[in-house]
Amino acid sequence: MLFYYAYTGHKIGLDRVKKAAAIIKELEKNGVACRLLVNDFRAGLAAREYGISESITIETIQDIDAVAQMGNSVIIDSPEDDHGRLEKYCNEFNAVFLFREDEKQVRFSEYLLDGVVVDKVYEEAQKKQKESRKLFFLNDADYDKIILNHASLFKDKGIELLLGHYFFVKYEEDLAQIFTQLHEPEEYMELIQSSQYVITSSLQTAFEAKTSGACVYFLNLTNQNKVALEYLKFNDIQIITTIDEIEFEKDCMDISFNQVDKIVKEILQKL
2 MLFYYAYTGH
12 KIGLDRVKKA
22 AAIIKELEKN
32 GVACRLLVND
42 FRAGLAAREY
52 GISESITIET
62 IQDIDAVAQM
72 GNSVIIDSPE
82 DDHGRLEKYC
92 NEFNAVFLFR
102 EDEKQVRFSE
112 YLLDGVVVDK
122 VYEEAQKKQK
132 ESRKLFFLND
142 ADYDKIILNH
152 ASLFKDKGIE
162 LLLGHYFFVK
172 YEEDLAQIFT
182 QLHEPEEYME
192 LIQSSQYVIT
202 SSLQTAFEAK
212 TSGACVYFLN
222 LTNQNKVALE
232 YLKFNDIQII
242 TTIDEIEFEK
252 DCMDISFNQV
262 DKIVKEILQK
272 L
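The sequence shown begins at 2 in my numbering and counts up one residue at a time.
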């Protein structure tokens with residue numbers, strides 16, 4: 002059995018679950034059963050929207066072996082400190098795959114995964130007619146009220162906001178004063194596929210929107226690391242610090258690199 006642990010939560014959002022869903026669906030097409038592990042129950046509910054019907058909630062990366070047994074394999078996508086658990090997993094599990102964080106190197110016998118992973122529904126969306134919507138999506142979480150603290154960036158710019166799964170009702174009321182329209186989190190996949198302009202501070206959303214054929218702008222409000230910024234540049238996604246930098250009438254270059262097939266192939270070879 003193959004397990005996939007994706008670190009999520011009300012402070013960091015659901016980027017890793019979206020990536021996990023893309024990979025799990027492709028693995029299943031290749032006949033490999035894979036069970037999603039999350040550390041937040043609401044993340045498991047959200048995963049259903051991305052095509053993953055079942056998941057198991059655990060506390061942290063240290064609890065993977067409470068579910069996975071000796072001889073199983075596991076994929077880990079988490080920035081957490083494993084407190085020595087990774088070595089144990091490498092000794093007990095058939096194969097351990099670890100998504101690279103920054104410039105992390107192999108420590109034991111884990112296999113490092115690296116690359117842009119996007120659900121193939123976004124590739125199919127390239128054929129869809131785009132609506133001339135200016136859509137902003139920060140992330141599924143805004144625990145520190147980043148949007149509200151940068152309200153001047155968005156007000157009176159004709160921008161619509163896609164809310165995150167972890168946003169609070171009172172916060173939504175405040176945001177309604179800034180944006181021309183608010184969209185519910187359940188509309189995520191449809192809006193990312195159909196919007197002509199997507200502004201985001203989420204790496205995963207940037208890659209999904211670019212793959213869909215949108216003009217994508219990454220508003221770096223969360224101080225992404227150097228490696229992440231290089232991925233954005235490689236996919237010809239403009240990094241901005243203010244909305245005023247965007248030329249909304251400018252045509253966008255059609256460059257995007259979805260590496261889900263490459264990563265799935267790497268996993269299959271090691272199982």
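Note that CB positions come from ideal geometry on N, CA and C, so glycine has one too.
Would a C-beta distance cut-off of 7 Å place residue i and residue j closer than the cut-off?
| i | j | result |
| --- | --- | --- |
| Ala23 | Val261 | yes |
| Asn259 | Thr212 | yes |
| Glu209 | Gln182 | no |
| Ala44 | Val68 | no |
| Pro80 | Glu60 | no |
| Leu149 | Asp115 | no |
| Leu154 | Leu192 | no |
| Asp66 | Ser203 | no |
Nearest to residue i by alpha carbon, out of the options?
| i | options | result |
| --- | --- | --- |
| Arg134 | Asn221, Gly159, Lys128 | Gly159 |
| Ser56 | Gln63, Ile62, Asp41, Asp66 | Asp41 |
| Val33 | Asn73, Ala44, Ile247, Asp64 | Asn73 |
| Ile200 | Ala215, Glu188, Met190, Glu191 | Ala215 |
| Ala47 | Ala152, Glu81, Met190, Asn221 | Met190 |
| His151 | Glu124, Thr242, Glu102 | Thr242 |
| Glu50 | Lys20, Met71, Val68, Ile76 | Lys20 |
| Leu37 | Ala7, Ile247, Asp255 | Ala7 |
| Leu269 | Gly14, Cys35, Ile13 | Cys35 |
| Asn92 | Glu267, Gly165, Glu111, Glu125 | Glu111 |
| Gln194 | Val119, Glu27, Ser54 | Val119 |
Would you report the Cα separation of residue i and residue j, rounded to the nearest angstrom?
| i | j | result |
| --- | --- | --- |
| Glu88 | Ile179 | 48 Å |
| Gly52 | Pro186 | 15 Å |
| Phe219 | Asn95 | 38 Å |
| Ile62 | Tyr5 | 11 Å |
| Lys234 | Val117 | 12 Å |
| Lys156 | Phe138 | 15 Å |
| Ile244 | Thr58 | 38 Å |
| Lys12 | Thr223 | 12 Å |
| Glu132 | Ile264 | 32 Å |
| Leu1 | Glu246 | Given that the chain is displayed from residue 2 to residue 272, the structure contains no residue 1 and the question cannot be resolved. |
| Tyr167 | Ile77 | 23 Å |
| Glu173 | Gln225 | 25 Å |
| Gly165 | Gly14 | 8 Å |
Report the three-state DSSP secondary structure of residue i (helix, strand or coil).
| i | result |
| --- | --- |
| Gln197 | strand |
| Glu132 | strand |
| Ala215 | coil |
| Phe208 | helix |
| Leu272 | coil |
| Leu113 | strand |
| Asp13 | The residue you asked about is not Asp; residue 13 is Ile in the sequence shown. Three-state result, Ile13: coil. |
| Leu220 | strand |
| Phe235 | helix |
| Ile240 | strand |
Task: Sequence ranges, alpha helix (DSSP H) only - wholly within the region 35–106, length at least 4 - done: Runs of the alpha helix (DSSP H) spanning 4 or more residues and lying entirely within the region 35–106 occur at 42–50, 86–93, in chain order.
TODO: Counting only runs of 3+ residues fully inside the region 120–182, write out the beta strand (DSSP E) ranges in chain order.
DONE: As summarised for the region 120–182, the continuous beta strand (DSSP E) elements at least 3 residues long and confined to that stretch are 132–138, 161–163, given in chain order.
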